[in-house]
Amino acid sequence: MTLQDAVTPFLSEAEAIDLVKTVFASATERDIYTGDRLEIVVLNADGTRYEYMELRKD
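Residue 637 is where the sequence shown starts when you use the numbering used here, and the numbers rise one by one after that.
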């Protein structure tokens, strides 16, 4: 299988960011060693952008 054959369905940038946020919120919900904030670095043709998300409310 070539890399081109293994391409996943296209996600928009917003959909990809939402997916990352959902996955990290779920994965860190019960992990006491994970920090309280997620930093997402978005790299695209326009440059680099940072987004932040609070993971815990405790």
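Backbone N, C-alpha and C define an ideal beta-carbon position, used for all residues, glycine too.
### Task
Return the Cβ separation of E690 and R673 in integer angstroms, given the expectation that the two are a contact with Cβ distance under 8 Å.
Within the sequence shown, residue 690 is the residue found at index 54, counting from 1. Within the sequence shown, residue 673 is the residue found at index 37, counting from 1. Contact flag correct, Cβ pair sits at about 6 Å.
### Task
Find out if the Cβ-Cβ distance for the pair Y686, V677 is shorter than 7 Å.
Position 50 of the sequence shown holds residue 686. Position 41 of the sequence shown holds residue 677. Going by C-beta atoms, Y686 is nearer than 7 Å to V677.
### Task
Check the DSSP bridge columns for I653 and list the partner residues they point to.
Here residue 653 corresponds to residue number 17 of the sequence shown, with the count starting at 1. Bridge partners of I653: none, in fact.
### Query
So who's on the other strand from T684, going by DSSP bridges?
Position 48 of the sequence shown, counted from the first residue, corresponds to residue 684. In the DSSP output, where bridge partners are listed per residue, T684 has L679.
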